[in-house]
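First to last, the sequence lines map onto chains G and E. Per numbering that gives the first Met the number 0, the first sequence starts with residue 0, numbered consecutively. Per numbering that gives the first Met the number 0, the second sequence starts with residue 0, numbered consecutively. All C-beta atoms, glycine included, are put in the ideal place defined by N, C-alpha and C.
2 protein chains.
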Amino acid sequence: MKYYGFWRSLAACRVRIALALKGVNAEEISVNLMQGEQLKPEYRAVNPLAVVPALILDDGSTLFESMAIIEYLDETHAQPSLLPKDPKGRARVRGLAQIVACDGHPLLVPRVRNYLEKELKIDEAARTRWCQHWLMEALKAVETHLAGNKETGRYCHGNSPTLADICVATQVFGAKFFNCDTAPVPTVMRVFSECMKLDAFDKSHPLKQPGAPKEVKH
Amino acid sequence: MKYYGFWRSLAACRVRIALALKGVNAEEISVNLMQGEQLKPEYRAVNPLAVVPALILDDGSTLFESMAIIEYLDETHAQPSLLPKDPKGRARVRGLAQIVACDGHPLLVPRVRNYLEKELKIDEAARTRWCQHWLMEALKAVETHLAGNKETGRYCHGNSPTLADICVATQVFGAKFFNCDTAPVPTVMRVFSECMKLDAFDKSHPLKQPGAPKEVKH
C-alpha cells in the first residue's frame, strides 16, 4: 500500500494520521501542490482529479477522497476502531468529521484560493481573511457540538480517537497556519491537545514531513 | 422521525431521496433559508449550526450533516442498501459521493454566496459563474471516474442506486438551476436519467416540494 500526499495538504494529513493510528505501513509519495505537480500527466495518470490524497492498494486500485479512504482503512483494519459501534454514535462522529471535511476545509484548498486570486482578483489580505473565516466557522460549529455534550470525552467522542478527531486536529493545524484566534473554541483546543499527545498525530503533523519548512506563513 | 429541510437545499434533498428509497416515513419541516429562518432562535434550538438538513429521531436526538444522516439510515434500515458490500466498492461509492458533497456542493451554499456578496463585493454575474464553475468541476470529476469504468452500471456503481447516485443527482439538480452546459458529462447525465425514472428521486426533486416555485432562476 502507498499513498500520494504533500506535507501541507490537510486532507492527506488525515490519511497519514489514520494509517499511523492503525499501525499500517504505507509509503507516502510527495506531490508538490505548490509547484503544480498534481497537474502533470504523470500524476493525472494516477489520479485524474489531480488532488491528493490517493491511496494505491497492492492490487493497483486507486482510492480517492480522504474520508472514503479512512472508512476503507477502518473496514479492512479493525483495530483500533475509528468509529463507535452504535449507529447514533457513528452518526455523531461522521457528522463532526463532515463539518470539517465538507463545510470547512473545501473552501481553503488550492483550486479555490487560485480562483479567488485569478478569476475574482481578490487580494492576498482578503484571501487570508477568507481562509481564517472558514477555518474558524467550522471549528466554532464543532465547539457547539462538543461543549457540554455528554458524549464528548477525552476526545471528540468518548475516550479513544475517532475519525472526528482526525478531521478536527487537521483543521486546527490549518487554523494555526493562518494565525487564527482559537480562544472561542476551548473544547476543540482541549481535545486537540489530547490528540497531540498521541504519537500518530504528533508525527503526522504537516511541519514534520519531508520537504516542509520550519514554519508556515499562510 | 422527522427532519428539517427546505425545497431548494440540495443537502436536504439527499436525505429526502434516501428516506424515500428506504421507504421510511418522516415528516419534512420546512425552514425557509431564503428568508433566514435558519438563523432564528427557534431553529438554532434544534440545530445550533443553523443549517439543514437535521434529522430528529424518535428519542429526540438530532443528527446533522447529510452524508452522516444517510449512513445512519443505511445502518438502521438495511434494505435497499445504499452502499455495496465490498470495502473497495464502498470506498468508490463514498469517494464519488464526497466529490460532490465535499469538493463541489460546499462552495454553493447560502453562507458562502453571502460572503462573496457582502464581504468580497462580488457582483451577481460573477457569483453565478462561481456557482456554475464549481457545480461542473465536481460533475466533470465524477464523469472521469464513471466513464469507461467497469464498476459503472445502470447507476454510478452497478445496477442499484447508492449514496453516490443520491449526491450526483442532487448536483445535477443544481447544475440545471444554474443553466450549466452538461454536454461534457454524458455518463453523469445518462446515470441521472436512470435515477429520475425512480419514484424516490422524482418525487424528491426540489421543485416538487411545498413552497417551491415553478422554475428556479439561480
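TODO: With a 10 Å radius around its C-beta and 16 neighbouring C-beta atoms as the bar for buried, classify Pro212(E) as buried or exposed.
DONE: By 1-based counting over the second sequence, the position of residue 212(E) is 213. Exposed, since its Cβ has fewer than 16 Cβ neighbours within 10 Å.
Task: Assigned exposure category for Gly173(E) - 16 Cβ within 10 Å defines buried - done: Taking the first residue of the second sequence as 1, we reach residue 173(E) at position 174. Under a 10 Å Cβ-count criterion, Gly173(E) is classified as buried, with 16 or more other Cβ atoms of the shown protein chains found around its own Cβ.
- [ ] Pick out the complete alpha helix (DSSP H) segments inside the region 162-206 of chain E, 4 residues or longer, and give them in chain order.
- [x] Inside the region 162-206 of chain E, DSSP marks whole alpha helix (DSSP H) runs of 4 or more residues at positions 162-176, 185-194, 198-201, from first to last along the chain.
Open item on the list: Along the region 94-108 of chain G, where does the CB come closer than 9 Å to a CB of chain E? Name the residues.
Closed with: Listed by position along the chain: Gly94, Leu95, Ala96, Gln97, Ile98, Ala100, Cys101, Asp102, Gly103, His104, Pro105, Leu106, Val108.
Task: Within-8 Å CB hit, Val111(G) to chain E - done: As a position in the first sequence, residue 111(G) is number 112, starting the count at 1. Closer than 8 Å to some Cβ of chain E, the Cβ of Val111(G) qualifies, so yes.
TODO: Keeping to the same chain, check which residues put their C-beta closer than 7 Å to that of Ala17(G); ignore five residues upstream and five downstream.
DONE: Your numbering for residue 17(G) matches position 18 in the first sequence. Only Ile69, Leu72, Leu81, Ile165 meet the Cβ criterion.
Open item on the list: Against chain G, with Cβ distances strictly below 8 Å, would Ser60(E) count as a contact?
Closed with: Counting from 1 along the second sequence, the entry for residue 60(E) is found at position 61. At least one chain G Cβ lies under 8 Å of Ser60(E).
Open item on the list: So for Tyr2(E), helix, strand or coil by DSSP?
Closed with: As a first step, residue 2(E) must be located in the second sequence, where it is residue number 3. Strand.
- [ ] Determine which residues of the region 69-85 of chain G have a Cβ less than 7 Å from any Cβ of chain E, and write them out in chain order.
- [x] Under the 7 Å Cβ criterion, the region 69-85 of chain G contributes Glu70, Tyr71, Glu74, Thr75.
Task: chain G residues whose Cβ lies nearer than 9 Å to that of Glu64(E) - done: Position 65 of the second sequence holds residue 64(E). What Glu64(E) touches in chain G: Ala90, Arg93, Gly94, Leu95, Ala96, Gln97, Ile98, Cys101, Asp102.
Open item on the list: Helix, strand or coil for Ala19(G)? Go by DSSP, reduced to three states.
Closed with: For the purposes of this step, residue 19(G) is taken as residue 20 along the first sequence, with counting starting at 1. Here DSSP, grouped into helix, strand and coil, assigns Ala19(G) to helix.
Open item on the list: For Ala140(G), which residues in the same chain have their Cβ closer than 6 Å to its Cβ, ignoring the five residues on either side in sequence?
Closed with: Taking the first sequence and counting its residues from 1, one reaches residue 140(G) at position 141. Closer than 6 Å at the Cβ level, and outside the excluded window around Ala140(G), lie Ile98.
- [ ] Give the interface partners of Ala140(E) over in chain G, defined as CB-CB distance under 7 Å, in chain order.
- [x] As a first step, residue 140(E) is located in the second sequence; it is residue number 141 there, counting from the start. By Cβ distance, chain G contributes Leu48.
TODO: Would you decide whether Lys202(G) is buried or exposed? Buried here means 16 or more other CB atoms lie within 10 Å of its CB.
DONE: As a working mapping, residue 202(G) is identified with position 203 in the first sequence. The residue is exposed, with fewer than 16 neighbouring Cβ atoms inside 10 Å.
Task: Through-space distance from Ser192(E) to Leu62(G), alpha-carbon basis - done: Here residue 62(G) refers to the residue found at position 63 when the first sequence is read from its first residue. Here residue 192(E) refers to the residue found at position 193 when the second sequence is read from its first residue. Distance between the alpha carbons of Leu62(G) and Ser192(E) is about 27 Å.
- [ ] Compile a chain-ordered list of the residues in the region 115-143 of chain G whose CB is closer than 9 Å to at least one CB of chain E.
- [x] Per Cβ criterion, the list reads Leu115, Glu118, Leu119, Ile121, Ala125, Arg128, Trp129, His132, Trp133, Glu136, Ala140, Thr143.
TODO: Please name the residue in Glu116(E), His144(E), Ser8(E) whose C-alpha comes closest to that of Val184(E).
DONE: Translated into positions along the second sequence, residue 184(E) becomes position 185. Among Glu116(E), His144(E), Ser8(E), the Cα nearest to that of Val184(E) is on His144(E).
TODO: Compare the C-beta of Ala211(E) with all C-beta atoms of chain G and state if any pair is closer than 8 Å.
DONE: Counting from 1 along the second sequence, the entry for residue 211(E) is found at position 212. It does not; no Cβ of chain G falls within 8 Å.
- [ ] Give the range of the alpha helix (DSSP H) segment to which Ser60(E) is assigned.
- [x] Reading the second sequence from its first residue, position 61 is the one you call residue 60(E). Neither: Ser60(E) is in no alpha helix (DSSP H) and is coded neither H nor E.
TODO: Could you have a look at Glu70(G) and say whether DSSP puts it in helix, strand or coil?
DONE: For the purposes of this step, residue 70(G) is taken as residue 71 along the first sequence, with counting starting at 1. Helix at Glu70(G).
- [ ] Taking Glu123(E) as part of the alpha helix (DSSP H), name the residues at either end of that continuous run.
- [x] Here residue 123(E) is taken as the residue at index 124 of the second sequence, counted from 1. For Glu123(E), the enclosing alpha helix (DSSP H) starts and ends at 123-145.
Open item on the list: Suppose you measure from the CA of Leu38(G) to the CA of Leu20(E); what does that come to, to the nearest Å?
Closed with: What you label residue 38(G) is simply residue 39 of the first sequence in a count that begins at 1. What you label residue 20(E) is simply residue 21 of the second sequence in a count that begins at 1. Answer to the nearest angstrom: the Cα atoms are 39 Å apart.
Task: Whether Val187(E) touches Glu136(E) by CB criterion (8 Å) - done: Along the second sequence, read from residue 1 onward, the residue named residue 187(E) stands at position 188. Along the second sequence, read from residue 1 onward, the residue named residue 136(E) stands at position 137. Result no, Cβ atoms of Val187(E) and Glu136(E) do not sit closer than 8 Å.
Task: Separation of Gln170(G) from Val14(G), as counted between CA atoms - done: Sequence index remark: in the first sequence, residue 14(G) carries index 15 (1-based). Sequence index remark: in the first sequence, residue 170(G) carries index 171 (1-based). Straight-line spacing of the CA atoms in Val14(G) and Gln170(G) works out to 13 Å.
- [ ] Quick one: give me the first and last residue of the beta strand (DSSP E) that Glu214(E) is part of.
- [x] Numbered from its first residue, the second sequence carries residue 214(E) at position 215. Here Glu214(E) belongs to no beta strand (DSSP E), and DSSP marks it neither H nor E.
TODO: Using only alpha-carbon positions, find the residue among Ile121(G), Glu150(G), Val51(G) that is nearest to Met33(G).
DONE: If you number the first sequence from 1, residue 33(G) lands on position 34. The shortest Cα separation from Met33(G) among Ile121(G), Glu150(G), Val51(G) belongs to Val51(G).
- [ ] Could you check what DSSP says for Gly157(E) in three-state terms: helix, strand or coil?
- [x] Counted from its first residue, the second sequence places residue 157(E) at position 158. In the three-state DSSP reduction, Gly157(E) falls in the strand class (E or B).
Open item on the list: Please confirm whether Ala168(G) has its beta-carbon closer than 8 Å to some beta-carbon of chain E.
Closed with: Residue mapping note: residue 168(G) aligns to position 169 of the first sequence, counting from 1. Not one beta carbon of chain E lies nearer than 8 Å to the beta carbon of Ala168(G).
Task: Proximal residues to Pro160(E) (C-beta, below 7 Å), its chain only, five neighbours per side dropped - done: Taking the second sequence and counting its residues from 1, one reaches residue 160(E) at position 161. Only Leu20, Tyr154, Cys194, Leu197 meet the Cβ criterion.
Open item on the list: Rounding to the nearest angstrom, what Cα-Cα distance links Met66(E) and Ala100(E) in this structure?
Closed with: Within the second sequence, numbered from 1, the residue matching residue 66(E) stands at position 67. Within the second sequence, numbered from 1, the residue matching residue 100(E) stands at position 101. Taking the straight line from one Cα to the other gives about 8 Å.
Open item on the list: Counting C-beta neighbours from all protein chains within 10 Å, is the total for Asp57(E) 16 or more, i.e. buried, or is it exposed?
Closed with: By 1-based counting over the second sequence, the position of residue 57(E) is 58. Asp57(E) comes out exposed.
TODO: Grab the span of the beta strand (DSSP E) containing Glu27(G) for me, first residue to last.
DONE: Along the first sequence, read from residue 1 onward, the residue named residue 27(G) stands at position 28. Run containing Glu27(G): 26-29, per the beta strand (DSSP E) assignment.
Task: Burial state of Val190(E), where buried means 16 or more other Cβ atoms lie within 10 Å - done: Residue 190(E) sits at position 191 when you count from the first residue of the second sequence. Val190(E) comes out buried.
TODO: State yes or no: is the C-beta of Gly88(G) within less than 8 Å of the C-beta of His156(G)?
DONE: Locating residue 88(G) in the first sequence gives position 89, where the first residue counts as 1. Locating residue 156(G) in the first sequence gives position 157, where the first residue counts as 1. Taking 8 Å as the Cβ cut-off, Gly88(G) and His156(G) qualify as a contacting pair.
TODO: Find out if the Cβ-Cβ distance for the pair Leu95(G), Pro105(E) is shorter than 8 Å.
DONE: Stepping through the first sequence from its first residue, residue 95(G) is reached at position 96. Stepping through the second sequence from its first residue, residue 105(E) is reached at position 106. No, they are not a contact pair.
- [ ] Tell whether a beta-carbon distance below 8 Å holds between Pro86(E) and Glu74(G).
- [x] The residue given as residue 86(E) occupies position 87 in the second sequence. The residue given as residue 74(G) occupies position 75 in the first sequence. Contact: yes.
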